[in-house]
Every structure is written in structure tokens, then in C-alpha cells.
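Using UniProt numbering, the first residue of the sequence shown is number 1, and each one after it goes up by one.
Using N, Cα and C, we set each Cβ at its ideal position, and we do this for glycine too.
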Amino acid sequence: MTPETQKARPPAKGRTHTDAPPKRSSIEAALAEALAAHGVTLTPRASGRFERFDAPDKPKGNGNGWYRIHGPQAASFGIWHLDVSEVVTLHGASDPEAAAQARLDAMRVSERQARERQQQAAKAADKARRWWAEACLGDPAHPWLAGKRLPPHNLRQRGEMLLVPLYFEGELVNLERIFPDGSKRPLKGGRVKGVASLIGRLAGAKRVLVAEGWSTAAALHEAMGAPVVVARNADNLAPVARRLRQRLPAEVAITICGDDDRHLPDQGKANKGAVEARHAALAIGSDLLMPKFCEGCRTCTDFADVRLCRLGGGHGE
Numbered sequence: 001m002t003p004e005t006q007k008a009r010p011p012a013k014g015r016t017h018t019d020a021p022p023k024r025s026s027i028e029a030a031l032a033e034a035l036a037a038h039g040v041t042l043t044p045r046a047s048g049r050f051e052r053f054d055a056p057d058k059p060k061g062n063g064n065g066w067y068r069i070h071g072p073q074a075a076s077f078g079i080w081h082l083d084v085s086e087v088v089t090l091h092g093a094s095d096p097e098a099a100a101q102a103r104l105d106a107m108r109v110s111e112r113q114a115r116e117r118q119q120q121a122a123k124a125a126d127k128a129r130r131w132w133a134e135a136c137l138g139d140p141a142h143p144w145l146a147g148k149r150l151p152p153h154n155l156r157q158r159g160e161m162l163l164v165p166l167y168f169e170g171e172l173v174n175l176e177r178i179f180p181d182g183s184k185r186p187l188k189g190g191r192v193k194g195v196a197s198l199i200g201r202l203a204g205a206k207r208v209l210v211a212e213g214w215s216t217a218a219a220l221h222e223a224m225g226a227p228v229v230v231a232r233n234a235d236n237l238a239p240v241a242r243r244l245r246q247r248l249p250a251e252v253a254i255t256i257c258g259d260d261d262r263h264l265p266d267q268g269k270a271n272k273g274a275v276e277a278r279h280a281a282l283a284i285g286s287d288l289l290m291p292k293f294c295e296g297c298r299t300c301t302d303f304a305d306v307r308l309c310r311l312g313g314g315h316g317e
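#1: Out of 45, 111 and 57, state which residue places its alpha-carbon closest to the alpha-carbon of residue 269.
#2: For the pair the region 155 to 172 and the region 131 to 140, tell me if three or more CB-CB distances fall below 8 Å.
#3: Measuring only the C-alpha atoms, how far is residue 219 from residue 112?
#4: Note down, in chain order, each residue of its chain lying with its Cβ closer than 6 Å to the Cβ of residue 303, except the 5 sequence neighbours on either side.
#5: With H, G and I counted as helix, E and B as strand and the rest as coil, what does DSSP make of residue 250?
#6: Note down, in chain order, each residue of its chain lying with its Cβ closer than 7 Å to the Cβ of residue 329, except the 5 sequence neighbours on either side.
#7: Which stretch, first to last residue, makes up the alpha helix (DSSP H) that contains residue 319?
#8: Using the three-state DSSP reduction, which class does residue 301 fall into: helix, strand or coil?
#9: Considering residue 80, what are the terminal residues of the alpha helix (DSSP H) in which it resides?
#10: With 16 as the cutoff for other CB atoms within 10 Å, does residue 240 come out buried or exposed?
#11: Going by C-alpha to C-alpha distance, which of 67, 298, 132 and 258 sits closest to residue 35?
#12: Starting from the N-terminal side, write out each stretch of the beta strand (DSSP E) that is 3 residues or longer and does not extend beyond the region 180 to 252.
#13: Which same chain residues end up closer than 8 Å to residue 311 when comparing Cβ atoms and leaving out the 5 residues on each side of it in sequence?
#14: Taking the alpha helix (DSSP H) that residue 28 falls in, what are its first and last residues?
#15: Classify residue 115 as helix, strand or coil using the three-state DSSP reduction.
#16: Keeping to the same chain, check which residues put their C-beta closer than 8 Å to that of residue 14; ignore five residues upstream and five downstream.
#17: Could you check where the beta strand (DSSP E) with residue 276 kicks off and where it finishes?
#18: Spatial neighbours of residue 42 within its chain, please: C-beta separation below 6 Å, excluding the five flanking residues on both sides.
#19: Pop quiz: residue 271 and residue 264 are said to be a contact at Cβ under 8 Å. What is the actual Cβ separation, rounded to whole angstroms?
#20: What did DSSP end up calling residue 42 once you bin it into helix, strand or coil?
#21: Under the rule that 16 or more other beta-carbon atoms within 10 Å means buried, what is residue 82, buried or exposed?
#22: Would you report the Cα separation of residue 118 and residue 163, rounded to the nearest angstrom?
#23: I'd like the span of the alpha helix (DSSP H) that includes residue 143, first residue to last.
#24: Comparing alpha-carbon positions, which option in 208, 258, 300 and 299 lies nearest residue 288?
#25: Which one of 69, 192 and 293 has the shortest CA to CA distance from residue 46?
#26: Of all the options 208, 306 and 189, which has the alpha carbon lying nearest to the alpha carbon of residue 197?
#27: Taking just the CA atoms, how far does residue 105 sit from residue 210?
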């Protein structure tokens with residue numbers, strides 16, 4: 001059979017002979033489809049301004065994504081921490097001019113927000129230093145400390161609030177406030193990434209422990225006598241551990257002490273405490289210490305809980 005007499009074959013199922021992407025009904029629909037490919041579900045609005053949305057892999061309210069509908073033919077969006085920046089058109093093909101403008105707009109917004117964050121962090125640091133200077137020593141009879149059966153160690157107190165000092169590069173930059181009911185909040189706008197506190201003294205120590213929360217660190221210090229660096233949360237374990245390893249002499253051993261969030265897998269989530277503790281230990285090549293629970297215990301998750309159980313105080317919050 002010659003080429004001239006060959007019968008035309010139908011296009012493959014699901015494709016046209018041009019392979020051209022289908023035209024969307026509106027730029028809003030095209031943008032919604034592109035966002036959905038990144039796990040973001042929302043209904044875009046053509047306000048002409050930058051709109052913020054939550055990145056799906058961050059806590060609620062993170063506002064780490066943005067989009068802007070430039071007109072009926074083009075829109076752009078991005079997710080800052082993933083370094084995602086894309087342009088969307090009705091036909092799917094990227095408009096170079098729109099892409100360049102989108103990148104420029106995103107850069108300007110990012111720079112403005114960075115300046116705003118720096119200003120907020122500076123104000124929070126000033127407030128932290130002022131409050132810390134004015135505060136009294138932590139009261140051992142504070143309801144939260146009494147419930148944990150722990151001494152105040154490095155805590156100070158302002159009214160009913162216990163204050164945990166949070167340092168970055170040797171400077172006091174924020175405070176974590178612990179309220180009588182056990183709720184904890186840093187100062188609004190203050191730096192939280194990479195901050196840490198310390199129970200005990202690093203000078204002369206042969207081993208230093210790194211833990212998530214203050215009560216866990218205090219329980220470990222009570223039991224082992226070693227200095228404990230408080231990373232504040234699981235996400236901070238690795239950054240704090242890396243900085244500590246750089247600062248301490250090589251002969252000083254570091255042990256990562258993780259929380260066991262064993263209730264989270266039952267909710268379809270990862271055991272974040274255990275995962276991030278292993279990550280931190282691998283990051284600096286250190287030992288990893290995880291709590292061992294009493295037989296049949298289903299409520300304890302960290303070393304402070306285990307200490308309370310063994311003291312006969314039950315599980316603390």
C-alpha cells in the first residue's frame with residue numbers, strides 16, 4: 001500500500017490530531033484547574049489584585065500562596081515556600097509577557113511582605129526584651145507548673161503568664177507565653193523559625209539534649225541533669241540542632257529527644273514528633289532518644305508525660 005492510498009487512522013482516544021489543549025470556559029476556571037493540580041481547591045475571583053490562599057502542606061492560615069487574574073485571558077499564581085510561579089491562559093500556553101509581569105509583581109509583593117515581617121519581628125523583639133526585663137521569677141505554685149510538678153528553671157512570669165525566652169543567634173527575639181490552662185502562644189509577629197531556649201548551662205557540658213517543648217526539656221533536665229535546648233516545636237528540631245552542632249566542640253555529644261505523637265496516625269496523619277526527631281538526628285549524625293511508655297498507656301506522648309505517670313501524677317496537658 002502506497003502512502004497515497006493509506007487510510008487515515010482516527011486520532012488516539014482522548015486526543016485530537018493537533019494535541020492542542022482544550023480552551024477553558026473562563027480564566028477563573030483555567031486558574032482553578034491549575035491550582036487544583038497543586039492540591040489547592042478554591043474559587044478564584046477576578047479582583048485584579050493579589051489574592052492570598054493557604055498552601056495545602058502548611059497549617060491553616062499560612063497564606064503562603066497567591067494568585068492574580070490579570071484579565072479575561074491570563075492569570076498567574078505562586079506558592080512561595082515551594083518556589084512555584086506559573087502563568088495560566090485560556091489556551092494553556094504561557095504568555096511570555098504575562099509571565100514576566102507575573103514574576104515581577106510576585107517579587108514586589110514578596111519584598112514588601114519581607115519588609116513588613118522584619119518590622120513586625122523587630123517590634124516583637126523590643127517588646128520581648130522589655131517584658132523580660134520587667135518580669136519576676138516564675139512562681140513554682142503557678143497552676144501549669146504545679147500540674148506538671150516541675151520547678152520554673154529559666155522561666156519568668158508576667159501576671160498569670162509564664163514567659164519562655166526564645167533566642168536566635170544569641171539575642172532574645174521572642175517570648176512564648178504559657179497560660180494557666182496550658183495554652184502557649186508566642187508574641188504576635190515575632191520570629192519563631194530557628195528560635196530556642198536553654199535549661200541548664202552549656203559551659204563544661206559533655207552531652208547536650210535537644211527537645212521540643214519546655215516541659216519536656218525540664219523533665220529531661222530533672223532526670224538526667226544535662227543541659228537541654230528547647231526547640232519549641234518539631235519543625236524547629238533540625239534547624240536548632242544544626243546550629244547547636246556548629247557552635248559546640250566536636251567532643252560534646254548531642255542527643256535529640258523526640259515526642260511520640262502516636263495518636264496522629266489514628267487520625268490519618270504522620271507521627272510528626274517521631275518523624276522530625278529522626279530527621280534532626282540524621283541531619284547532625286546524633287543519637288536519638290524516644291520516650292518509653294508504661295504498659296497499656298494510651299495518653300502519654302512525651303518525656304514530661306512519662307515523668308508524671310511515674311510520679312503518680314497522671315497524664316499532664
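A quick look at the data gives this:
#1: 57
#2: yes
#3: 42 Å
#4: 216, 219, 220 and 291
#5: coil
#6: Because the chain spans 1 through 317 in this model, residue 329 falls outside it and cannot be assessed.
#7: Since the displayed the chain opens at 1 and closes at 317, residue 319 lies outside it and no answer follows.
#8: coil
#9: Note, residue 80: premise wrong, no alpha helix (DSSP H); not H, not E.
#10: buried
#11: 67
#12: 184 to 186, 197 to 199, 207 to 211 and 228 to 230
#13: 149
#14: 27 to 36
#15: helix
#16: Note that residue 14 has pLDDT 41, beneath the 50 cutoff, so the model's placement of it is unreliable and no number is given.
#17: Element bounds for residue 276: not the beta strand (DSSP E) but the alpha helix (DSSP H), 272 to 284.
#18: 53
#19: 5 Å
#20: coil
#21: exposed
#22: 22 Å
#23: 143 to 148
#24: 258
#25: 69
#26: 208
#27: 41 Å
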